[in-house]
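S.K.: Questions regarding the structure given below will be posed in turn.
Numbering (UniProt numbering), first residue to last: 1 to 464.
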């Protein structure tokens with residue numbers, strides 16, 4: 001049987017009408033039924049496209065010009081938007097971004113979870129979808145003349161974008177702090193890390209800010225065990241910017257793409273900052289997982305608490321508890337909360353956060369949830385609610401089995417990846433739970449990422 005050739009060839013220029021969007025925000029146009037995925041194109045538009053890659057069933061193109069423009073197209077405020085890979089959606093209106101994300105969650109529910117009738121509510125939008133990120137991790141490089149520069153990497157590369165003065169989704173304080181560290185380090189001739197040759201010193205500058213407290217933490221990541229001119233750098237930063245509460249030196253001596261090294265040491269102030277979500281204060285260390293969008297986090301956690309429907313006699317298990325953010329929201333209403341997390345430093349912070357906020361009904365344990373939870377079951381623990389907020393890869397299969405083994409009345413699942421959420425919901429449904437509703441939340445405006453929270457109820461009619 002003769003293999004059917006694609007109707008386009010690489011490097012060919014074609015005129016396309018765009019009909020749809022991929023889940024990452026690329027426009028989709030078709031030639032004789034053959035789809036081309038084209039970044040920055042919008043449905044309803046028409047434009048010239050250079051074909052850059054051809055596969056058997058689909059191809060990729062580069063948008064050369066727009067002949068007919070969508071009313072939803074807007075001018076990106078970022079000067080380096082078309083170079084940087086950090087944001088994907090600045091060229092579309094905020095309403096269109098939200099509609100795209102809503103459809104992404106709906107499609108995952110239908111196509112992956114096979115849940116046709118589960119309500120997916122309108123996405124919770126952000127009032128001001130800019131300057132929301134409370135954490136920045138900025139690589140350091142050198143210009144041709146040896147001057148230090150900071151900026152995000154160009155798409156699909158490790159080349160830092162020159163001339164990047166600001167980032168419109170980062171907190172402005174974080175922007176200024178990165179620039180301050182770069183300027184001082186440049187004055188003291190501290191060399192940037194050379195990834196190719198594994199030489200130099202400065203790898204990344206990380207800044208975290210507490211929205212409610214204005215506390216700022218600066219983490220300077222180096223290849224070397226020592227930070228040259230450490231005392232002078234710390235002295236100038238701490239005296240010039242009183243909102244800085246912590247300066248940490250992290251050492252990453254491996255030739256790797258990973259940002260963080262294993263060893264951190266506090267070189268000024270405390271090794272943490274504070275922030276608040278609602279009326280709960282959290283202590284945040286350099287490597288702590290903490291949601292990057294504080295206003296939307298409050299909305300997300302309020303919805304999770306609503307879905308958990310925790311009563312004063314209920315016991316809750318938080319299977320990816322981190323520093324105890326969701327756990328303590330649940331502890332406000334529950335009789336008892338048990339949190340488990342594999343990262344020891346996070347559990348240390350979680351215990352301190354419970355103590356600091358006066359919670360005596362929350363306990364935290366170090367370990368893999370899929371191993372700890374069956375042990376809890378053997379000890380007679382019967383939770384009414386289980387909460388999970390896993391990384392993008394979703395829940396480990398053994399963890400899902402452990403959750404089903406505990407037979408809670410309700411499960412609340414917080415997810416940053418609709419595809420893995422839908423995959424795990426299918427497993428939980430097959431295990432005797434019924435998904436009640438799904439609430440998307442726009443935690444990451446200007447990007448294709450979307451958060452969602454949903455809840456499931458145990459179907460007692462199927463239980464033996």
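Idealized CB from N, CA, C, for every residue including glycine.
1. Smallest Cα separation from residue 103: which of 44, 22, 299?
2. At what residues does the beta strand (DSSP E) containing residue 438 begin and finish?
3. Taking the C-alpha atoms as reference points, what is the distance between residue 365 and residue 300?
4. In three-state DSSP terms, what is residue 236?
5. Counting pairs of Cβ atoms below 8 Å between the segment 39-55 and the segment 125-138, do you hit three or more?
6. Count the other CB atoms, across all protein chains shown, that sit within 10 Å of the CB of residue 64; report buried if there are 16 or more and exposed otherwise.
7. Take residue 68 and list the residues in its own chain whose beta-carbon comes closer than 7 Å to its own, dropping the five residues that flank it on each side.
8. Using the Cβ count rule (16 or more neighbours within 10 Å means buried), how would you classify residue 459?
9. Just verifying my parser: in three-state terms, what is the DSSP assignment at residue 413?
10. Which residues does DSSP list as the beta-bridge partners of residue 454?
11. Do you know offhand how far residue 456's Cα is from residue 401's?
12. Does the structure place the segment 134-147 close enough to the segment 166-184 that three or more beta carbon pairs sit under 8 Å?
13. Could you please give the first and the last residue of the uninterrupted alpha helix (DSSP H) stretch that includes residue 97?
14. Identify, in the order they occur along the chain, each residue of the same chain with its Cβ nearer than 6 Å to the Cβ of residue 444, setting aside the five sequence neighbours on each side.
15. DSSP state of residue 195, grouped into three classes?
16. Mind checking who residue 264 pairs with in its DSSP beta bridge?
17. In or out: residue 493 buried (at least 16 other Cβ within 10 Å) or exposed?
18. Any idea what DSSP makes of residue 22, helix, strand or coil?
19. Please report the straight-line C-alpha distance between residue 360 and residue 452, rounded to a whole angstrom.
20. Using the Cα positions of residue 298 and residue 305, report the straight-line distance between them to the nearest angstrom.
21. Which residues mark the beginning and the end of the alpha helix (DSSP H) in which residue 139 is found?
22. Counting only the same chain and skipping the five closest in sequence on each side, list residues whose C-beta sits under 6 Å from that of residue 371.
23. Does the beta-carbon distance from residue 114 to residue 40 come in below 7 Å?
24. Can you find at least 3 beta carbon pairs, one from the segment 146-154 and one from the segment 208-220, that sit closer than 8 Å?
25. With 16 as the cutoff for other CB atoms within 10 Å, does residue 243 come out buried or exposed?
26. Can you tell me which residues form a DSSP beta bridge with residue 35?
27. Below 8 Å on the Cβ atoms is my guess for residue 339 versus residue 289; work out the distance and round it to an integer in Å.
28. Going straight from the alpha carbon of residue 434 to that of residue 422, what length do you get?
29. Please classify residue 187 as buried or exposed, where buried requires at least 16 neighbouring CB atoms within 10 angstroms.
M.R.: With the structure as the only source:
1. 22
2. 433-441
3. 24 Å
4. helix
5. no
6. exposed
7. 45, 46
8. exposed
9. strand
10. 413, 438
11. 15 Å
12. yes
13. 94-111
14. none
15. coil
16. 250
17. In this structure the chain extends from 1 to 464, so residue 493 is not present and cannot be described.
18. coil
19. 30 Å
20. 10 Å
21. First-last for residue 139: 135-142, but that is the beta strand (DSSP E), not the alpha helix (DSSP H).
22. none
23. no
24. no
25. exposed
26. 30
27. Their Cβ separation, rounded to whole angstroms, is 13 Å, which puts residue 339 and residue 289 out of contact at 8 Å.
28. 13 Å
29. exposed
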